[in-house]
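Heads up: the structure comes next, in C-alpha cells.
Numbering (our numbering), first residue to last: 204 to 380.
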C-alpha cells in the first residue's frame, strides 16, 4: 500500500483576481499585476493602507476629494475613479502566490484586456514593472502604453512626489486633469 500523498511543499494557493473597474467612458486604463493579499481579502483594489494608489490619485485631483468618513465606501471610490475617466484592472486573472510580492507570482494566467472593448480608451498605464512586462500585449490595442512607478509600499526607491509627477504627466497627456 502506498503512503498518502503529501502536498507539494513548493505549491502556493491558486488565487483569482478582481473584476475590472471600467465603463464606456474609460480613457486611461491602469493595469496592476495582481491584487495583494489585503486587496483580495477585502475585494478592493489597492486596499493596503501603505499603498499610495489612492493618495496619488487624490493628489492629482485635489479639487475633487475622494469620499471621506462614512462616505468612503469602495463603491464610491469606484464611481470616483470612473468619473475621472479611469479604469483599473490587472494583467493577471489568476496566479499562485504566497504573500503579496510580485516576485512571488507563479503560474500566472493573463487577463484578456482587449475583451474589455473600451470605445474611448486613449492609453494604458502599467502600475509598476511586473505589469509592464505585458506591455507588448497591451500595445496591440493601438493606444500609447506607459510604465508608471509602482504605488506599492515595496517601491520605496521612488519618493511620493516623484511618483505623483509621473502619474500626473500621463493623466495630463490625455486631458484628464
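Even for Gly, the Cβ is constructed at its ideal location relative to N, Cα and C. All of these numbers come straight from a predicted model, not from anything done at the bench.
For residue i, the first and last residue of its enclosing beta strand (DSSP E)
| i | result |
| --- | --- |
| residue 235 | 231-235 |
| residue 309 | 309-313 |
Residues near residue i in its chain [Cβ-Cβ closer than 8 Å; skip 5 each side]
| i | result |
| --- | --- |
| residue 248 | 221, 224, 235, 238, 242, 256, 291 |
| residue 210 | Confidence at residue 210 is low in this model, with a pLDDT of 44, below 50, so the placement of that residue should be treated as unreliable; the coordinate-derived value is given next. Nothing meets the Cβ criterion. |
| residue 325 | 230, 231, 346, 347, 377 |
Extent of the continuous alpha helix (DSSP H) run through residue i
| i | result |
| --- | --- |
| residue 381 | Any question about residue 381 goes unanswered here, given that the chain covers just 204 to 380. |
| residue 220 | Run containing residue 220: none; DSSP gives neither H nor E here. |
| residue 259 | 256-263 |
| residue 332 | 332-335 |
| residue 245 | 240-245 |
Neighbourhood of residue i by C-beta distance below 6 Å, restricted to the same chain and skipping five residues each side
| i | result |
| --- | --- |
| residue 373 | 328, 349 |
| residue 206 | Only weak support exists for where residue 206 lies, its pLDDT of 44 falling under 50; the value from the coordinates is given anyway. The answer is none, since no qualifying residue turns up. |
| residue 296 | 220, 312, 314 |
Alpha-carbon spacing of residue i relative to residue j, whole angstroms
| i | j | result |
| --- | --- | --- |
| residue 252 | residue 356 | 9 Å |
| residue 370 | residue 217 | 31 Å |
| residue 331 | residue 360 | 12 Å |
| residue 298 | residue 254 | 21 Å |
| residue 259 | residue 215 | 32 Å |
| residue 270 | residue 276 | 7 Å |
Sequence-distant residues of the same chain with beta carbon closer than 7 Å to residue i, five excluded per side
| i | result |
| --- | --- |
| residue 250 | 241, 242 |
| residue 302 | 240 |
Nearest neighbour of residue i, chosen from the options [CA to CA]
| i | options | result |
| --- | --- | --- |
| residue 287 | 363, 313, 232, 358 | 232 |
| residue 333 | 289, 326, 294 | 294 |
| residue 380 | 254, 226, 267, 245 | 267 |
| residue 343 | 320, 259, 364, 361 | 320 |
| residue 346 | 317, 361, 358 | 317 |
| residue 226 | 298, 314, 289, 259 | 289 |
Cross-strand partners of residue i (DSSP beta bridge)
| i | result |
| --- | --- |
| residue 293 | 235 |
| residue 328 | 233, 349 |
| residue 299 | 217, 309 |
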